[in-house]
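Peer 1: My questions will all concern the structure given below.
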Amino acid sequence: MSLDPTTLKLVMESGSGRQKIYAKLIYRVRRYGNYLLCTLLLGNVLVNNTLTILLDSVLGSGLYAVIASTVAIVIFGEIVPQAICSRHALTIGAYTIWLTYIFMALTFPLSFPISLILHFILGKEIGAVYTRNELLGLLKVTEDHHGIGKDEVQIISGALKFKEKTAEDVMTNFEYVYCLDIQSVLDFRTIREIYDSGFSRIPVYEETKSNIVGVLYAKDLAFVDPDDEMPLKQVLNFYNRELTSVYNDTKLDELLEQFAGGQCHLAVVNIVVQEGSGDPQLQVVGVVTLEDIVEEILQLEIVDETDRIMDNRSQKPRQRNQVDVGGFMGDSPRDRPHMSSQQRLAVYQFLSSSVEAFKSGKILPGILRRLLLQDVVRQYTQEEIQARNVTLYRINIPTSSFTLVLEGHVEVEVGKEGMKFEAGPFHHFGVQALELADSGSGDYVPDFTVRPVSDCVLLMISCNQYLDARKATKFQKTKDQESPAASLFSNHTSPLSSRVEGSVSAPGKLVNGRASRSGTSVKSVPKRLRMGGRQSDREESHRLLLEEDEEDEQVLPSALMSPSSSDGGSSARVTVVEVEMYGVDGGRAEDSSTEPLPDETPHSAADYTPL
Numbered sequence: 041m042s043l044d045p046t047t048l049k050l051v052m053e054s055g056s057g058r059q060k061i062y063a064k065l066i067y068r069v070r071r072y073g074n075y076l077l078c079t080l081l082l083g084n085v086l087v088n089n090t091l092t093i094l095l096d097s098v099l100g101s102g103l104y105a106v107i108a109s110t111v112a113i114v115i116f117g118e119i120v121p122q123a124i125c126s127r128h129a130l131t132i133g134a135y136t137i138w139l140t141y142i143f144m145a146l147t148f149p150l151s152f153p154i155s156l157i158l159h160f161i162l163g164k165e166i167g168a169v170y171t172r173n174e175l176l177g178l179l180k181v182t183e184d185h186h187g188i189g190k191d192e193v194q195i196i197s198g199a200l201k202f203k204e205k206t207a208e209d210v211m212t213n214f215e216y217v218y219c220l221d222i223q224s225v226l227d228f229r230t231i232r233e234i235y236d237s238g239f240s241r242i243p244v245y246e247e248t249k250s251n252i253v254g255v256l257y258a259k260d261l262a263f264v265d266p267d268d269e270m271p272l273k274q275v276l277n278f279y280n281r282e283l284t285s286v287y288n289d290t291k292l293d294e295l296l297e298q299f300a301g302g303q304c305h306l307a308v309v310n311i312v313v314q315e316g317s318g319d320p321q322l323q324v325v326g327v328v329t330l331e332d333i334v335e336e337i338l339q340l341e342i343v344d345e346t347d348r349i350m351d352n353r354s355q356k357p358r359q360r361n362q363v364d365v366g367g368f369m370g371d372s373p374r375d376r377p378h379m380s381s382q383q384r385l386a387v388y389q390f391l392s393s394s395v396e397a398f399k400s401g402k403i404l405p406g407i408l409r410r411l412l413l414q415d416v417v418r419q420y421t422q423e424e425i426q427a428r429n430v431t432l433y434r435i436n437i438p439t440s441s442f443t444l445v446l447e448g449h450v451e452v453e454v455g456k457e458g459m460k461f462e463a464g465p466f467h468h469f470g471v472q473a474l475e476l477a478d479s480g481s482g483d484y485v486p487d488f489t490v491r492p493v494s495d496c497v498l499l500m501i502s503c504n505q506y507l508d509a510r511k512a513t514k515f516q517k518t519k520d521q522e523s524p525a526a527s528l529f530s531n532h533t534s535p536l537s538s539r540v541e542g543s544v545s546a547p548g549k550l551v552n553g554r555a556s557r558s559g560t561s562v563k564s565v566p567k568r569l570r571m572g573g574r575q576s577d578r579e580e581s582h583r584l585l586l587e588e589d590e591e592d593e594q595v596l597p598s599a600l601m602s603p604s605s606s607d608g609g610s611s612a613r614v615t616v617v618e619v620e621m622y623g624v625d626g627g628r629a630e631d632s633s634t635e636p637l638p639d640e641t642p643h644s645a646a647d648y649t650p651l
């Protein structure tokens with residue numbers, strides 16, 4: 041009787057091979073619970089009474105017969121059988137099943153009618169049945185004996201509990217949800233933000249964040265070219281993803297059924313808010329995903345390679361080794377902050393004339409122009425400044441960069457008294473850092489603090505970039521000393537204060553007309569190449585004059601030419617130009633004897649590159 045029908049069914053389903061056989065044999069009898077109970081009790085009473093009568097006849101009536109019968113019944117009829125059967129009930133029950141059949145047959149006339157009466161009054165025997173909490177308690181109580189690990193117990197516990205949980209219990213609060221405005225443009229900056237967020241499904245809102253109108257899949261961006269700057273709204277309308285919305289009290293089993301049915305694996309959680317006497321309003325309080333439900337079932341946090349946080353409750357950041365695509369995606373001119381040609385010319389004029397570290401004695405003009413084309417522009421918005429607490433220079437903290445304000449304003453705090461003032465465009469800081477780096481005298485420690493206070497654009501040149509420019513200048517000067525003709529062509533942006541007349545000289549043999557030496561054929565420089573104007577305050581106007589004179593040619597070595605102008609050693613004709621420099625007053629410094637063609641077109645200095 042200790043083997044109830046439920047236990048026998050469990051053994052038949054999950055026991056070993058021999059246990060299944062024993063359970064099937066016993067279950068054939070055990071399913072008639074009332075009949076078996078009456079049979080066993082009648083047999084037990086019969087044996088006890090028979091033993092008492094036998095002892096009474098042997099020992100005589102009296103105290104000895106009572107003691108002997110009690111000891112015999114308790115020891116041999118109760119203690120020993122129950123001690124053995126409680127540990128080996130399945131085996132003993134299977135091997136003694138034939139004896140049970142005999143007793144059931146012998147007691148049938150009396151036990152069967154009684155079992156029918158019990159069945160009518162008490163109903164059918166169900167067996168041991170456990171609720172969720174009882175099963176959970178059973179697992180915990182028998183944890184040391186059933187051989188199930190703690191992680192398995194957690195999973196079973198989560199599966200038993202998750203039906204009682206609601207969407208509000210596992211959702212991510214909306215304040216931590218990464219969303220996109222439907223008016224956003226899918227350029228390099230936006231796509232990089234999506235990549236850095238680490239999410240595969242991103243809610244999209246319109247006007248306010250509480251108005252979720254769609255969901256963007258990261259895979260939808262596979263065929264989007266950032267250079268096209270496609271509107272996000274266009275992508276949403278094309279894919280037309282269905283948005284799932286649920287209430288905060290939705291059970292997780294219902295939500296899991298929706299996700300498993302093929303709907304979006306991200307749902308927006310709404311709560312009904314009653315404000316005043318008006319109609320109830322829906323308010324977005326968070327989002328829930330299929331991963332959240334799975335984590336609740338498994339009772340653990342699933343952290344993949346793209347997650348930025350450990351869990352959605354504590355929002356604890358996670359250290360991850362993710363490839364920084366900023367350098368790759370920042371190669372686009374659309375994404376990288378840059379100066380216009382007018383700004384670059386103004387910055388060049390300012391640095392080369394007003395900042396000692398960038399004058400021609402330190403940095404050649406051509407190299408300075410190339411330096412300004414590098415990634416030296418930084419742009420900060422008001423929101424970014426507040427979020428990141430951007431500080432350009434901090435008092436008593438070593439720095440290694442030069443900063444020039446191009447747009448916006450910065451706040452400068454100086455002295456122990458903390459005197460503050462604002463500096464605007466073309467104020468610069470950190471020149472000493474470049475000078476100390478150039479002389480190798482150590483780091484520069486500012487005695488002031490500089491912070492941006494508005495949207496601003498800054499020119500920031502690091503000491504390493506400046507040192508590279510200085511090395512390039514020294515190399516160019518050495519090369520120019522060894523090759524004067526190379527200096528004329530390669531450093532054409534350098535201001536010339538003297539008149540250059542006559543033929544261009546080149547290393548090796550210089551010939552007028554055709555030369556026997558192999559080289560690149562270059563059309564001769566006009567007899568007069570003049571540059572005028574003051575270096576400190578001049579505006580440049582470079583004019584290219586096409587010269588079609590076929591008679592006067594000179595031959596220069598191919599090494600002096602730009603690689604793009606030579607093709608497998610063949611000669612490339614390059615029209616030499618007249619370059620004129622104008623002063624601040626706009627007047628021409630010196631007239632040229634060469635007459636320009638009628639269709640000449642003025643160019644800025646940045647429109648041509650050195651050969």
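Each residue of the sequence shown is one higher than the one before, counting from 41 in this note's numbering. The C-beta atom is built at its ideal place from N, Cα and C for all residues, glycine as well. Predicted model only: the values in this text are computed from it and were never measured.
If we ignore side chains and look at the alpha-carbon of each, how far apart do Ile-222 and Ile-435 end up?
Peer 2: 43 Å
Peer 1: If we ignore side chains and look at the alpha-carbon of each, how far apart do Asp-690 and Val-85 end up?
Peer 2: Since the first and last residues shown for the chain are 41 and 651, residue 690 lies out of range.
Peer 1: Using only the alpha-carbon positions, how far apart do Leu-176 and Leu-256 sit?
Peer 2: 40 Å
Peer 1: Examine the ligand COA and report whether any of its heavy atoms sits within less than 8 Å of the Cβ of Leu-385.
Peer 2: As for the ligand COA, it is missing from this structure, which has no ligand bound.
Peer 1: Pairs of beta-carbons, one from the stretch 198-212 and one from the stretch 327-338, closer than 8 Å: are there three or more?
Peer 2: yes
Peer 1: Let me make sure I understand the geometry here. Which of Trp-138, Leu-50, Gly-448, Lys-456 has the alpha-carbon closest to that of Gln-4?
Peer 2: Here the chain covers residues 41 to 651 and nothing more, so residue 4 does not appear.
Peer 1: In three-state terms, what does DSSP make of Ala-612?
Peer 2: In this predicted model, Ala-612 has a pLDDT of only 36, less than 50, meaning its place in the structure is not dependable; the value taken from the coordinates is given anyway. If DSSP states are grouped into helix, strand and coil, Ala-612 belongs with coil.
Peer 1: Tell me the DSSP secondary structure of Glu-331 in three-state form.
Peer 2: helix
Peer 1: Can you name the residues that DSSP bridges to Gly-326?
Peer 2: Asn-213, Val-309
Peer 1: Whose C-alpha, out of Gly-301, Asp-227, Gln-321, is nearest the C-alpha of Asn-251?
Peer 2: Gln-321
Peer 1: Can you list, in chain order, the residues of its chain whose CB lies under 7 Å from that of Thr-439, leaving out five sequence neighbours each side?
Peer 2: Tyr-433, Gly-470, Ala-473, Tyr-484, Pro-486
Peer 1: Quick check on Gln-9: does DSSP put it in helix, strand or coil?
Peer 2: Here the chain covers residues 41 to 651 and nothing more, so residue 9 does not appear.
Peer 1: Let me check one thing: in DSSP terms, what residues is Gly-254 bridge-paired to?
Peer 2: Val-244
Peer 1: How big is the Cα-Cα spacing for Glu-183 and Lys-190?
Peer 2: 8 Å
Peer 1: On the DSSP bridge list, what partners appear for Val-497?
Peer 2: Gln-419, Glu-447
Peer 1: Under the assumption that Leu-499 contacts Ala-477 (Cβ atoms under 8 Å), give the Cβ distance between them as a whole number of angstroms.
Peer 2: 17 Å between Cβ atoms; not a contact.
Peer 1: Buried or exposed, going by whether 16 or more other CB atoms sit within 10 Å of the CB of Lys-259?
Peer 2: exposed
Peer 1: Hey, Glu-208 and Asp-289 are a contact pair by Cβ (cut 8 Å); roughly how many whole angstroms apart?
Peer 2: That belief holds up - the Cβ atoms of Glu-208 and Asp-289 are roughly 7 Å apart, short of 8 Å.
Peer 1: I'd like the span of the beta strand (DSSP E) that includes Arg-281, first residue to last.
Peer 2: Going by DSSP, Arg-281 is part of no beta strand (DSSP E) at all; its letter is neither H nor E.
Peer 1: Under a Cβ-count criterion, where at least 16 other Cβ atoms within 10 Å of its own Cβ denotes burial, should Ser-317 be classed as buried or exposed?
Peer 2: In this structure Ser-317 is exposed. Its beta-carbon is surrounded by fewer than 16 other beta-carbon atoms within 10 angstroms.
Peer 1: Check for me: the alpha helix (DSSP H) holding Met-52 runs from which residue to which?
Peer 2: 45-54
Peer 1: Please specify which runs of the alpha helix (DSSP H), each continuous and at least 4 residues long, are wholly inside the stretch 452-515, giving them in chain order.
Peer 2: 471-479
Peer 1: Which same chain residues end up closer than 6 Å to Gly-133 when comparing Cβ atoms and leaving out the 5 residues on each side of it in sequence?
Peer 2: Cβ-Cβ distances below 6 Å link Gly-133 to Ile-66 in the same chain, with the five nearest sequence neighbours on each side left out; the list follows chain order.
Peer 1: Thinking C-alpha only, which one of Glu-453, Asp-415, Gly-83, Pro-149 is nearest Thr-431?
Peer 2: Glu-453
Peer 1: So what's Ala-108 in DSSP terms, helix, strand or just coil?
Peer 2: helix
Peer 1: Just the C-alpha distance for Gly-55 and Ala-63, rounded to the nearest angstrom, thanks.
Peer 2: 9 Å
Peer 1: Quick one: give me the first and last residue of the alpha helix (DSSP H) that Ala-397 is part of.
Peer 2: Ala-397 -> no alpha helix (DSSP H), and no H or E assigned at all.
Peer 1: Determine the extent of the alpha helix (DSSP H) in which Pro-153 is found, giving its start and end residues.
Peer 2: Under the DSSP assignment, Pro-153 falls in the alpha helix (DSSP H) whose first and last residues are 148-162.
Peer 1: Leu-412 to Tyr-216, Cα distance in whole Å?
Peer 2: So the two alpha carbons sit approximately 40 Å from each other.
Peer 1: Within 10 angstroms of its Cβ, does Thr-329 collect 16 or more other Cβ (buried), or is it exposed?
Peer 2: buried
Peer 1: Report the rounded CA-to-CA distance for Ser-240 versus Val-286, giving the unit in angstroms.
Peer 2: 20 Å
Peer 1: How long is the line joining the alpha carbons of Cys-496 and Asn-280, rounded to whole angstroms?
Peer 2: 39 Å
Peer 1: Indicate the three-state DSSP secondary structure (helix, strand or coil) for Tyr-433 in the structure shown.
Peer 2: strand
Peer 1: Decide if Val-313 is buried, meaning its Cβ has at least 16 other Cβ atoms within 10 Å, or exposed.
Peer 2: exposed
Peer 1: Check whether the stretch 148-158 touches the stretch 72-79, taking contact to mean three or more Cβ pairs, one atom from each stretch, closer than 8 Å.
Peer 2: yes
Peer 1: Around the Cβ of Asp-398, are there at least 16 other Cβ atoms within 10 angstroms (buried) or fewer (exposed)?
Peer 2: Per the sequence presented here, residue 398 reads as Phe, with Asp not at that position. Phe-398 is buried by the Cβ-count criterion.
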